[in-house]
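Accompanying notes for the structure given below.
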Amino acid sequence: MRRLLSFPFLILVRMSVVLPRALPSFTVWSKPNVTVDAIDSFYMANGLPITDPKSGYNEQDPYKNRDPRLGWSVVLPGSQYGSVTYIPATDQVPCGARPRKYADIGSTNVDDYSINTIVLRYADILLFRAEALIEQGQTGQEVYNLIDQVRARVGMPKVEDVEGTGLSKEELRKILRHERRVEFFFEGERYIDMLRWKDPSLVHNVIGYDRSLLSNPASLSTWTFKKVLVEERKFDSAKGFLWPIPLDDMQNNENLTQNPGY
Numbered sequence: 004m005r006r007l008l009s010f011p012f013l014i015l016v017r018m019s020v021v022l023p024r025a026l027p028s029f030t031v032w033s034k035p036n037v038t039v040d041a042i043d044s045f046y047m048a049n050g051l052p053i054t055d056p057k058s059g060y061n062e063q064d065p066y067k068n069r070d071p072r073l074g075w076s077v078v079l080p081g082s083q084y085g086s087v088t089y090i091p092a093t094d095q096v097p098c099g100a101r102p103r104k105y106a107d108i109g110s111t112n113v114d115d116y117s118i119n120t121i122v123l124r125y126a127d128i129l130l131f132r133a134e135a136l137i138e139q140g141q142t143g144q145e146v147y148n149l150i151d152q153v154r155a156r157v158g159m160p161k162v163e164d165v166e167g168t169g170l171s172k173e174e175l176r177k178i179l180r181h182e183r184r185v186e187f188f189f190e191g192e193r194y195i196d197m198l199r200w201k202d203p204s205l206v207h208n209v210i211g212y213d214r215s216l217l218s219n220p221a222s223l224s225t226w227t228f229k230k231v232l233v234e235e236r237k238f239d240s241a242k243g244f245l246w247p248i249p250l251d252d253m254q255n256n257e258n259l260t261q262n263p264g265y
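Going by the numbering used here, the first residue of the sequence shown is number 4, and it counts up by one from there.
Here is the structure:
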């Protein structure tokens, strides 16, 4: 069988399309940003989503007992970065949080940096295999074991201990997609994942915190976490999952048909 794609080619694709184009920073305007819905997607440490009444989530103490990947990935209001306590009211980011993963706190040159970026992690391989099995309708123990390996690294409970066993293809697909979201936060995976899944929430309203209520560094316990609409966005699913074929290509090959909506 002819091999169409080599591993080096796939690495080049991931480096040119998937990886972030600039580092997050605290000394200059940060190009990447965090949304509240991304923060909310991280489960509680007991493995339950914050929307579950049994999870123990407190909306006025929203970061307590959460999946540890949240604090490792995001500079949350009131948390430390370097020697400084992060106070959103003094910042310009709309959602009250900044990426911690890959952040070079003191750098003023975010476009030309020396921090190495990870192209492919073992967790990616585990979850890719789990996804392939699920999409083939294979919902046996191997799928659970693959996802459990990723969760175990950060001390999160097993799928079997929270969601149960004997789950359907649709239930396991939902678990798998959530795991990819929180495991690979700010690693450039999310956008490509949502395109290939044809997930209509690819473009959604941006929700942030009212930063004026997060302003007293001496009394973090008195903060009020109030969600507000930062920006309204709409998504055209008729065309939004595909990019237009470049005009030069269309002109050079009359057999090409432009993607819908362009």
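Note that CB positions come from ideal geometry on N, CA and C, so glycine has one too.
Note down, in chain order, each residue of its chain lying with its Cβ closer than 6 angstroms to the Cβ of residue i, except the 5 sequence neighbours on either side.
i, result
"R72", "V157, V185"
"I14", "Legend: pLDDT at I14 = 47, less than 50; position of this residue unreliable, value from coordinates given subsequently. V122."
"F45", "R69, D70, L73, V185"
"P97", "G211, V233"
Can you tell which of the options has the C-alpha that lies nearest to the C-alpha of residue i?
i, options, result
"G81", "K230, Y60, N219, V153", "N219"
"D43", "P56, Y66, P160", "Y66"
"G169", "R69, E62, G140", "G140"
"S240", "S224, D251, Y265", "Y265"
"W246", "P263, N255, R236", "P263"
"I118", "Y125, D127, A106", "A106"
"K161", "V37, G50, T38", "G50"
"R69", "N36, D202, Q83, I53", "I53"
"R101", "L179, E182, D164, V39", "V39"
"T120", "M47, F189, N256", "F189"
"L130", "H181, L250, K104", "H181"
"G99", "W200, T88, L79, Q83", "L79"
"S58", "S76, D151, V165, A41", "V165"
"T88", "D251, L223, Q261, D252", "L223"
"D64", "L179, N208, L217, I178", "L217"
Who are the near neighbours of residue i in its chain, counting only those whose CB is closer than 7 angstroms to its CB and skipping five residues on each side?
i, result
"L175", "I137, T142, V146"
"A126", "V153, E186"
"M253", "L259, Q261"
Short of 8 angstroms in beta carbon distance, which residues of its chain neighbour residue i, apart from the five on each side in sequence? Order them along the chain.
i, result
"L205", "Y194, M197, L198, F238, G243, F244"
"S86", "none"
Considering only DSSP beta bridges, list what residue i is partnered with.
i, result
"M197", "In DSSP, M197 forms no bridge with anything."
"P71", "Bridge partners of P71: none, in fact."
"I210", "L232"
"P102", "V77"
"M47", "R69"
"Y60", "According to DSSP, Y60 bridges with nothing at all."
"T88", "Q83"
Exposed or buried, what is residue i when buried is set at 16 or more other beta-carbons lying within 10 Å of its beta-carbon?
i, result
"P91", "buried"
"R132", "exposed"
"R236", "exposed"
"L149", "buried"
"A155", "exposed"
"D151", "buried"
"I178", "buried"
"E192", "buried"
"S171", "exposed"
Check your understanding: Is the stretch 226-234 close to the stretch 206-213, with three or more CB pairs under 8 angstroms?
Key -> yes
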